[in-house]
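Visitor:
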Amino acid sequence: MIISTGERPKPEVAERARALAGRLGVSYAPRGNASVAKLLAEYRDDDLLIVLHQGVRLLRSGAAPLQFHPSMGFVRAKRVLKGETDPLAAAAGMVPGDSVLDCTAGLGADSLVLAVSGGEETSVTALESSLPLYALLSEGMASYDSGLPEVDSALRRIEVVNSGHLDYLHSLPDRSVDIVYFDPMFREPLHDSAAISPLRSFADSSALSEGSVAEALRVARKSVVLKEKRGSGEFSRLGFQEQLRQGNKTSYGVIAIDNRS
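What the sequence shown shows, in the numbering used here, is residues 2 to 262, in sequence order.
And the structure:
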């Protein structure tokens, strides 16, 4: 992966891009007048992260571009701010101040909703194993301006970590996080999901393992939650109790720690 900017960037944008490349240990490519294709060819790479004045964009040869945006997470966060309860927070049994480990961050929509739902005392750690997605997410959350101070504050509070979830779970003590959440790539894709489809060329498509769930159960104090396609066999395979949502294509599966035998 290489990091660059849009054409004729402001000095502060170029500095952000340069600093991000330094933190990630990847090449910073001054844009100049070069096209995206020329930069990729010059640096012999397939992935290019472009830092913009208000945003960040990820490009991969042969794939649709990804721009950081909380998407439906923003819509859901606004509902929470109006006093509604989000289905994910409800499924997890979340209360203000709970700590959350989002093991499969993607573009961070669920992390944002959980951060807003839990309030300023809640800590949310978002794991992303793909370096390009991690770069997009961490820079996006640090710079995105939603127009709502409560949403922007929640984005800045999320700690984004470049790690596979199993390795990270192994590193945590027993009962050290209130809620552990998984949203892996669905075994049966929802092909009409515009938010998910562009992620597939970057994200880990492996099925969630029983070992990962076992580690999550060791680490969690309150609940472990899985998002999957409604009626998916993954819920029963991994020991989750599916909570159906009326008229929705996805469901949440829950293992409540206090109720386990």
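Just so it is clear, CB atoms sit at the ideal spot from N, CA and C, and this is done for glycine as well.
Small disclaimer: the values here were computed from a predicted structure and weren't measured.
Please look up how many angstroms separate the CB atoms of Arg58 and Pro66, rounded, as I've assumed it's under 8 Å.
Guide: Position 57 of the sequence shown, counting from 1, holds the residue named residue 58. Position 65 of the sequence shown, counting from 1, holds the residue named residue 66. Correct: roughly 6 Å between the Cβ atoms.
Visitor: Which same chain residues end up closer than 6 Å to Cys104 when comparing Cβ atoms and leaving out the 5 residues on each side of it in sequence?
Guide: Counting from 1 along the sequence shown, the entry for residue 104 is found at position 103. Closer than 6 Å at Cβ, skipping near neighbours: Leu128, His166 and Phe183.
Visitor: Given a cut-off of 9 Å, decide if Val114 and Asp87 are closer than it, judged by their beta-carbon atoms.
Guide: Residue numbering aside, residue 87 sits at position 86 when the sequence shown is read from its first letter. Residue numbering aside, residue 114 sits at position 113 when the sequence shown is read from its first letter. Yes.
Visitor: Report yes or no: do three or more beta-carbon pairs, one from the region 32–42 and one from the region 71–81, lie closer than 8 Å?
Guide: These segments do not touch.
Visitor: Just the C-alpha distance for Val37 and Gly109, rounded to the nearest angstrom, thanks.
Guide: The sequence position of residue 37 within the sequence shown is 36, counting from 1. The sequence position of residue 109 within the sequence shown is 108, counting from 1. Each residue's alpha carbon lies about 26 Å from the other.
Visitor: Here's a check: name, in chain order, each residue in its chain whose Cβ is nearer than 7 Å to the Cβ of Gly118, leaving out the five neighbours to either side.
Guide: By 1-based counting over the sequence shown, the position of residue 118 is 117. Sequence inspection shows Ser at residue 118; the Gly mentioned does not correspond to that position. Cβ within range, chain order: Val81, Asp87, Ala90 and Met95.
Visitor: Does Ser252 pass the burial test, meaning 16 or more other C-beta atoms within 10 Å, or should it be called exposed?
Guide: Taking the sequence shown and counting its residues from 1, one reaches residue 252 at position 251. Buried, by the Cβ-count rule.
Visitor: Can you tell me where the alpha helix (DSSP H) holding Ser139 begins and where it ends?
Guide: In the sequence shown, the residue the question calls residue 139 occupies position 138. From DSSP, the alpha helix (DSSP H) with Ser139 extends over Leu132 to Ser144.
Visitor: Using a Cβ-Cβ cut-off of 7 Å (strictly less than) and excluding sequence neighbours within five positions of Ala18, which residues of its own chain qualify?
Guide: Mapped onto the sequence shown, residue 18 falls at position 17. If we look at Ala18 and ignore the five residues flanking it on each side, its Cβ neighbours are Ile4, Ser5, Thr6, Tyr29 and Val52.
Visitor: Please report how far the alpha carbon of Gln244 lies from the alpha carbon of Gly232, in whole angstroms.
Guide: Here residue 244 refers to the residue found at position 243 when the sequence shown is read from its first residue. Here residue 232 refers to the residue found at position 231 when the sequence shown is read from its first residue. So the two alpha carbons sit approximately 10 Å from each other.
Visitor: What beta strand (DSSP E) runs, 3 residues minimum, are completely inside the region 202–250?
Guide: If we require 3 residues or more, the beta strand (DSSP E) runs fully inside the region 202–250 come out as 221–230 and 242–244.
Visitor: At the level of alpha carbons, what is the spacing between Leu170 and Val178?
Guide: Taking the sequence shown and counting its residues from 1, the one referred to as residue 170 is at position 169. Taking the sequence shown and counting its residues from 1, the one referred to as residue 178 is at position 177. Their backbone Cα atoms lie some 10 Å apart in a straight line.
Visitor: Ser144 and Gln55: beta carbons closer than 9 Å?
Guide: Position 143 of the sequence shown, counted from the start, is the residue given in the question as residue 144. Position 54 of the sequence shown, counted from the start, is the residue given in the question as residue 55. For Ser144 and Gln55, yes; Cβs fall inside 9 Å.
Visitor: Note down the Cα distance separating Gly98 from Leu227, rounded to an integer number of angstroms.
Guide: In the sequence shown, the residue the question calls residue 98 occupies position 97. In the sequence shown, the residue the question calls residue 227 occupies position 226. Going by the C-alpha atoms only, they are around 21 Å apart.
Visitor: Going by DSSP, name the residue or residues bridged to Ser252.
Guide: Residue numbering aside, residue 252 sits at position 251 when the sequence shown is read from its first letter. DSSP, once it has assigned bridges, lists Glu229 as partnering Ser252.
Visitor: Run through DSSP, which three-state label would His192 get?
Guide: One-based indexing of the sequence shown puts residue 192 at position 191. In this predicted model, His192 has a pLDDT of only 47, less than 50, meaning its place in the structure is not dependable enough to derive any value.
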